[in-house]
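Accompanying notes for the structure given below.
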Amino acid sequence: MSVRSIEWVGEGIEGRLRFIDQTLLPGRVVYVETVAAEEVAAAIRSLKVRGAPLIGIAAAFGCVLGVRDYGGADGDGVLRRLDEVCRMLAQTRPTAVNLFHALERVRRAGDAARGAGRDGVVKKVLEEALAIAAEERGMCRRIGEAGLELLRPGMRILTHCNAGALATGGMGTALAPVYRAHAEGYGIKVYVDETRPLLQGSRLTAWELMQAGVEVTVLCDGAAAWAMRRRLVDAVLVGADRIAANGDTANKIGTLAAATAARRYGIPFYVFAPSSTIDPEIENGDGIPIEERPLDAITSWAGVRIAPEGVAVFAPAFDVTSAELISAIVTEEGVLRPPFEGRLPGCGSARGRS
Ligand code: MRU
-7 MSVRSIEWVG EGIEGRLRFI DQTLLPGRVV YVETVAAEEV AAAIRSLKVR
43 GAPLIGIAAA FGCVLGVRDY GGADGDGVLR RLDEVCRMLA QTRPTAVNLF
93 HALERVRRAG DAARGAGRDG VVKKVLEEAL AIAAEERGMC RRIGEAGLEL
143 LRPGMRILTH CNAGALATGG MGTALAPVYR AHAEGYGIKV YVDETRPLLQ
193 GSRLTAWELM QAGVEVTVLC DGAAAWAMRR RLVDAVLVGA DRIAANGDTA
243 NKIGTLAAAT AARRYGIPFY VFAPSSTIDP EIENGDGIPI EERPLDAITS
293 WAGVRIAPEG VAVFAPAFDV TSAELISAIV TEEGVLRPPF EGRLPGCGSA
343 RGRS
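Under the numbering used here, the letters of the sequence shown match residues -7 to 346, in that order.
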């Protein structure tokens, strides 16, 4: 697994942010280099950079670029600029909580360098952004190790959206144990929901798994329940954009349908996420903000209108799967089986494996 979705390149605070433009995959692998926070915000908004952990990492580096642009001499002015950049980045996407956690961390890091001048603040914010990226990489690795206990040789997995290397700074969340199992010769087969309307499954997940030599079958989202009914799937593995304190999980639209079908057909449904995706401030899924995408994603196909002009459209980008449908939540701390209430990392005193 060698996809490097994001990277800080060049010399320290003089560096640049480099990322894969995911809107061009799988046709073209194009790396974009930027020195502008506004370009990072636009990349997040347009899903050139996407996936909850990756959005957080990109935003943190976006803050580095934003404060570096500050031209004034006023020591507090650079912190006001940081604040302004954080606010701009916070408005890009509402559901993935990693974004807000990362912005909060860099804001605090910048504050801690108050009085150190522009370069002092940039240095501190860069250190924090690099720390976030390294932690996310480490969490992916540990999720992969922990999640391996849920897989067995020959298993057939169904996944929805993309929770792999392209969505994180490391080897992925839901795909991390798949990569581990593949490396150990388990012969895992993965069914990938195409993930309407933006096709993160067929464009991104299928691509990155095939790069790694994993056996992949793409199916349309509506075929997932039928595949389960036909006993073609042994487990469903998905990532998350925000997990409430009770375990309710927001993920790409269509996840709830997969979870519901999995329960109907007695198939385990597992959620994989780093603790940066858990929101202890939100009690249950009702409080999770759900992003709506531009309607033309539904009404057009490759630039061609496919729905009647003037038709009403419902276009949520995410849904919430109730904790009761989730067989386990796997974080860097291990495999947690229900009940989740008060037991998720950061949500209570009792932590760790069940
Ligand atoms: O709209 P996207 O492509 O950013 O949505 C991504 C997902 O829903 C992923 O499943 C989630 O962020 C987990 S990524 C490890």
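Glycine residues also receive a C-beta, built at the ideal position from the N, C-alpha and C atoms.
Please read these numbers as outputs of a predicted model, since none were measured by experiment.
Requested in this report: Give the single residue among E141, G102, M147, A216 whose Cα lies nearest to the Cα of D226.
Outcome: For the purposes of this step, residue 226 is identified with residue 234 of the sequence shown, where counting begins at 1. When each option's Cα is compared against that of D226, the closest is M147.
Report task. In the DSSP assignment, find the beta strand (DSSP E) that holds A227 and state where it starts and stops. Result -> Your numbering for residue 227 matches position 235 in the sequence shown. Residues 227 to 230.
Query - For Y23, the residue or residues it bridges with in DSSP - result: Residue numbering aside, residue 23 sits at position 31 when the sequence shown is read from its first letter. Per DSSP, I12.
Query raised in the report: When DSSP builds the beta bridges, which residues end up paired with D271?
Result: Along the sequence shown, read from residue 1 onward, the residue named residue 271 stands at position 279. A236.
Query raised in the report: Among the residues of its own chain, which have a CB less than 7 Å from the CB of P314, if the five just before and after it don't count?
Result: Along the sequence shown, read from residue 1 onward, the residue named residue 314 stands at position 322. The sequence given here places Ser at residue 314; Pro does not occur at that position. For S314, the CB contacts under 7 Å within the same chain, skipping 5 residues up- and downstream, are D240, G277 in chain order.
Query raised in the report: Between the C-alpha atoms of T165 and V(-5), what's the straight-line distance to the nearest angstrom?
Result: In the sequence shown, residue 165 corresponds to position 173, counting from 1. In the sequence shown, residue -5 corresponds to position 3, counting from 1. Near 14 Å, if we compare the C-alpha coordinates of V(-5) and T165.
Query raised in the report: What three-state label does DSSP hand F92 in the structure shown?
Result: Residue mapping note: residue 92 aligns to position 100 of the sequence shown, counting from 1. Here F92 sits in helix by DSSP.
Query raised in the report: How many angstroms separate the CA atom of A60 from the CA atom of G107?
Result: Taking the first residue of the sequence shown as 1, we reach residue 60 at position 68. Taking the first residue of the sequence shown as 1, we reach residue 107 at position 115. The identity of residue 60 in the sequence shown is Arg, whereas the question assumes Ala. Approximately 15 Å between the Cα atoms of the pair.
Requested in this report: Would you decide whether G4 is buried or exposed? Buried here means 16 or more other CB atoms lie within 10 Å of its CB.
Outcome: If you number the sequence shown from 1, residue 4 lands on position 12. Result: exposed.
**Report entry** Under the three-state DSSP convention, the category A320 falls into
**Finding:** Against the sequence shown, residue 320 aligns to sequence position 328. Here A320 sits in strand by DSSP.
Report task. Only counting runs of 3 or more residues, tell me where the beta strand (DSSP E) segments fall wholly within the stretch 169 to 231, in order along the chain. Result -> 181 to 185, 207 to 211, 227 to 230
Requested in this report: Give the secondary structure of I(-2) by DSSP, where H, G and I count as helix, E and B as strand, and everything else as coil.
Outcome: Sequence index remark: in the sequence shown, residue -2 carries index 6 (1-based). Strand.
**Report entry** Rounded separation between G214 and R256 - CA only
**Finding:** Against the sequence shown, residue 214 aligns to sequence position 222. Against the sequence shown, residue 256 aligns to sequence position 264. Near 15 Å, if we compare the C-alpha coordinates of R256 and G214.
Query raised in the report: Where DSSP assigns a beta bridge to D311, which residues make up the other side?
Result: Working through the sequence shown from its first residue, we reach residue 311 at position 319. DSSP output for D311 lists N243 as bridge partner(s).
**Report entry** Cβ neighbour criterion (16 or more within 10 Å) applied to I12
**Finding:** Stepping through the sequence shown from its first residue, residue 12 is reached at position 20. It counts as buried.
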